[in-house]
Every structure is written in structure tokens, then in C-alpha cells.
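Enquirer: Could you have a look at this structure, given as C-alpha cells, before my questions?
In this note's numbering, the protein residues as written are 23 to 363.
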């Protein structure tokens, strides 16, 4: 699950320049976080903790949680941090490596990218006593040149989108590697992931309603044409994007048991998957790919001139930003800000 909330920007006018360095809207940030905690984080995490207990740890999950969300939770909802710690202590959850600020830095500054990933690593170690072998970049940004850097940072695998025109006839349900650095690649099965995150409550969908036993059956049908089915989606799917009234929590609860009923299915942590299964082929993209939209590219964040100009100006300031403004500069890099331009 991708677990992220940005620090939203204030309406900062030309008259505020040199007068204020308050760029972020804490009132709005708290408002949205309160809602998401009540609708999603608390009920979904509580359910996951109970499912892990009820299945004796056979139900297993991975989280990619950004540093800027952790900071907001520490400020306003420390009970969620405590719940995440309880889940971590079961050894049935893995906190994968992330970009601390959910930044686009991997596209503009490898130096800053490394700093942000290491900052996130240290946070996961401090809070949850975990150090994952698997890395998930912002919005699953992947390109071949990045693999060397990710490997230098101590990771053994990276998550990426199972882009159909790159895979061609091949299945995303195997472990792949990049062309040069032998970094393992876990590909997201976008169809099955999106069946839950986007189509679950869509009454126009021919498969509606999606039940747990039906979905577990679909998963089992990949036996023989796959070894690892990587379901990766926004955690806000549960309760925020798909409201409780849709039955999404019951689906999650029942799915854990329906999957475990299948003789050929089990749950694995990302690091367990890359240890258990061998590399079956090469996955290569010289241009950046993401999990966004049908284009699977950077259009959502860098598709128009305003986005491009803002990103170029922001990252061009890297050497000029004084130490006391470094954190603010990094927060301004968050991909969400560019998405809404």
C-alpha cells in the first residue's frame, strides 16, 4: 500500500514575498488528515492488525509510507503511529523504502534523491526497527539509470509499473531485473490492483459486485503463468476513495481468508518474494515510467509548461538554499504540488 498525504500549500501571494516563510497550510492539512484518519487509517489499520492476529501472521502486507505523512501523524495523530508500531511488531508487515518527501528528485538531482531516501531509511529504522531490501520511488517512477543508484543505497529490488507495451507478451507476475545492475524488479499488476482501487464500487463494471471469493479465484487462475502477483494501491482506497458503505472493509477482511483457502496462494512480504522466487527475465525502460494514467509517464506532474518551469526553477536552487531552508525546499518538491498545477 502507498500511504501518503502531502503538506498542502497556502495561498501565497506576491505580497507575502520577504514577509512570510509560512508556505504550508496547517489548518487544511489537519482538516484533511483528521478526515482520512477517521475514514481510512484507523479502521483499515485496526482491521489489518486483527487479520494478522487471526491468521497467525499468514496475512502479510507491505507499506510505503512517506516521511511527510509520518511527520503530520506525529503532530496530530500519534495514535496511528502507535498502531503502525503494533503492526510492525507482528513481523507480518514490511515498510519498504520510499522518498521521504514524495519528491521528483530522482529526475533532477541524484544527490538530493539519495539524501531523501537515506532520511526515510533512518526514519523507518528509528520508528519501526525495519530496514527493507525493497524500494518504491515516488509514483513508482522507474528508469534503467536509476537502478545503479538504488542499488548503491543498499536495496535489492525496486517496485515498478507492469507497463504492457514494455512487457509485450510477458506477464507482470514474475521477478524481473534491469539490464545492467542486477537489481530485482517487482512489477505491479495494474489490472488486478485497479479492480480494487478504482472499479470496486463501479456499478457499470461487468464484474460488479466484486466479492472476496471471486477475486481470490482470479488470483488463483494466474497459477502457471506467474509466481508473484504484486497488488499495489493507495491505502486511501479503504474508506476514503471507496467508502465504507461500498463494503470495501468487508472485502478486505474476507479476502485474507479466501486467499488462504486456495492451496496455490499465500501472502508474502516484498522482501520475502524476491528471496523466494528467481529472476525470470529483463525489464527495461530508458525513459521514466510511472503508475499514473494510461500513458504511464510523467505527464501528470511535468506535462505542461508551468509544471516544467516550476520544477526546473525549484531544483536549480539546490546549491543556493541555505541550511535552515533545506527542509522547506525539500517539502516544496512533493509531487502533489506539481500534479495540481
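Idealized CB from N, CA, C, for every residue including glycine.
Tell me where the beta strand (DSSP E) around residue 115 begins and ends.
Expert: The residue given as residue 115 occupies position 93 in the chain shown. Its beta strand (DSSP E) spans residues 115-117.
Enquirer: Between 133, 48 and 138, which lies nearest to residue 89 when the distance is taken from Cα to Cα?
Expert: For this step, residue 89 is matched to residue 67 along the chain shown. If we check each option's Cα against that of residue 89, 138 comes out closest.
Enquirer: Using only the alpha-carbon positions, how far apart do residue 328 and residue 334 sit?
Expert: Counting from one through the chain shown, the residue named residue 328 turns up at place 306. Counting from one through the chain shown, the residue named residue 334 turns up at place 312. Rounded to whole angstroms, residue 328 to residue 334 spans 10 Å at the Cα level.
Enquirer: Secondary structure at residue 25, three-state DSSP: helix, strand or coil?
Expert: Numbered from its first residue, the chain shown carries residue 25 at position 3. DSSP, read as helix, strand or coil, puts residue 25 in strand.
Enquirer: Taking residue 175 as the reference, give the member of 165, 132 and 46 with the closest Cα.
Expert: Numbered from its first residue, the chain shown carries residue 175 at position 153. When only C-alpha atoms are compared, the closest one is 132.
Enquirer: Measuring only the C-alpha atoms, how far is residue 77 from residue 253?
Expert: As a first step, residue 77 is located in the chain shown; it is residue number 55 there, counting from the start. As a first step, residue 253 is located in the chain shown; it is residue number 231 there, counting from the start. Their backbone Cα atoms lie some 19 Å apart in a straight line.
Enquirer: Under a three-way DSSP split, which group does residue 69 fall into?
Expert: Here residue 69 refers to the residue found at position 47 when the chain shown is read from its first residue. In the structure shown, residue 69 sits in a helix (DSSP, three-state: H, G or I).
Enquirer: Just reading off the alpha helix (DSSP H) that residue 274 is part of, what are its end residues?
Expert: Taking the first residue of the chain shown as position 1, residue 274 is located at position 252. Note, residue 274: alpha helix (DSSP H), 270-283.
Enquirer: Is residue 247 near residue 286, with beta carbons less than 8 Å apart?
Expert: By 1-based counting over the chain shown, the position of residue 247 is 225. By 1-based counting over the chain shown, the position of residue 286 is 264. Contact flag unset, no.
Enquirer: Relative to the alpha-carbon of residue 302, which residue among 263, 197 and 45 has its alpha-carbon at the smallest distance?
Expert: Position 280 of the chain shown, counted from the first residue, corresponds to residue 302. Comparing Cα-Cα distances from residue 302 to each of 263, 197 and 45, the minimum goes to 197.
Enquirer: Going by DSSP, what residues sit across from residue 183 in a beta bridge?
Expert: For the purposes of this step, residue 183 is identified with residue 161 of the chain shown, where counting begins at 1. In DSSP, residue 183 forms a bridge with 210.
Enquirer: May I have the straight-line CA-CA distance separating residue 225 from residue 140, to the nearest angstrom?
Expert: Against the chain shown, residue 225 aligns to sequence position 203. Against the chain shown, residue 140 aligns to sequence position 118. Using only the alpha carbons, I get a separation of about 44 Å.
Enquirer: So, helix, strand or coil for residue 91, using DSSP?
Expert: The residue labelled residue 91 in the question sits at position 69 within the chain shown. The DSSP-derived three-state label of residue 91 is helix.
Enquirer: Are the beta-carbon atoms belonging to residue 257 and residue 81 less than 8 Å from one another?
Expert: The residue given as residue 257 occupies position 235 in the chain shown. The residue given as residue 81 occupies position 59 in the chain shown. The answer is no: Cβ separation not under 8 Å.
Enquirer: Apply the 10 Å Cβ neighbour rule to residue 60 and answer buried if 16 or more other Cβ atoms are within range, or exposed otherwise.
Expert: In the chain shown, counting from the first residue as 1, residue 60 sits at position 38. The C-beta of residue 60 has fewer than 16 other C-beta atoms within 10 Å across all chains shown, which makes the residue exposed.
Enquirer: Please give the ranges of any beta strand (DSSP E) in the region 272-350, keeping only runs that are unbroken, at least 3 residues long and fully inside the region.
Expert: 301-304
Enquirer: What's the gap between the Cα of residue 324 and the Cα of residue 361?
Expert: Within the chain shown, residue 324 is the residue found at index 302, counting from 1. Within the chain shown, residue 361 is the residue found at index 339, counting from 1. Looking at the two C-alpha atoms, the distance is approximately 8 Å.
Enquirer: Sorted by chain position, which residues of the same chain lie with C-beta nearer than 7 Å to residue 291's C-beta, five sequence neighbours on each side aside?
Expert: One-based indexing of the chain shown puts residue 291 at position 269. Correct list, in chain order: 82, 84 and 116.
Enquirer: What would DSSP say about residue 264, mapped onto helix, strand or coil?
Expert: Residue numbering aside, residue 264 sits at position 242 when the chain shown is read from its first letter. DSSP places residue 264 in strand when its eight states are reduced to three.
Enquirer: How should residue 121 be labelled, buried or exposed, when 16 other C-beta atoms within 10 angstroms of its C-beta is the threshold for buried?
Expert: Sequence index remark: in the chain shown, residue 121 carries index 99 (1-based). Buried: at least 16 other Cβ atoms inside 10 Å.
Enquirer: Checking 8 Å against the spacing of the C-beta atoms, do residue 179 and residue 208 come in under that value?
Expert: Within the chain shown, the letter at position 157 stands for residue 179. Within the chain shown, the letter at position 186 stands for residue 208. Going by C-beta atoms, residue 179 is nearer than 8 Å to residue 208.
Enquirer: Classify residue 151: buried if its beta carbon has 16 or more other beta carbons within 10 angstroms, exposed otherwise.
Expert: In the chain shown, residue 151 corresponds to position 129, counting from 1. Exposed.
Enquirer: In this structure, how does DSSP classify residue 189 when only helix, strand and coil are distinguished?
Expert: Reading the chain shown from its first residue, position 167 is the one you call residue 189. Residue state, collapsed to three classes: helix.
Enquirer: Is residue 280 buried or exposed, if buried means 16 or more other CB atoms sit within 10 Å of its CB?
Expert: Residue mapping note: residue 280 aligns to position 258 of the chain shown, counting from 1. Answer is buried; the Cβ neighbour count reaches 16.
Enquirer: Output needed for residue 330: all residues of its chain with C-beta closer than 7 Å, excluding positions within five of it in sequence on either side, in chain order.
Expert: Residue 330 sits at position 308 when you count from the first residue of the chain shown. Excluding positions up to five away in sequence, the list reads 324.
Enquirer: Taking only runs of the beta strand (DSSP E) that begin and end inside the region 118-173, which ones reach a length of at least 3 residues, in chain order?
Expert: none
Enquirer: For residue 197, which beta-bridge partners are listed by DSSP?
Expert: Here residue 197 is taken as the residue at index 175 of the chain shown, counted from 1. Secondary-structure assignment with DSSP links residue 197 through a beta bridge to 208 and 301.
Enquirer: Tell me, to the nearest whole angstrom, how far the beta carbon of residue 275 is from that of residue 55; I am working on the premise that it is less than 8 Å.
Expert: Stepping through the chain shown from its first residue, residue 275 is reached at position 253. Stepping through the chain shown from its first residue, residue 55 is reached at position 33. Between residue 55 and residue 275 the Cβ distance is about 25 Å, and since that is not below 8 Å, they are no contact.
Enquirer: Can you name the start and end residues of the alpha helix (DSSP H) that residue 105 belongs to?
Expert: Here residue 105 corresponds to residue number 83 of the chain shown, with the count starting at 1. Note, residue 105: alpha helix (DSSP H), 100-111.
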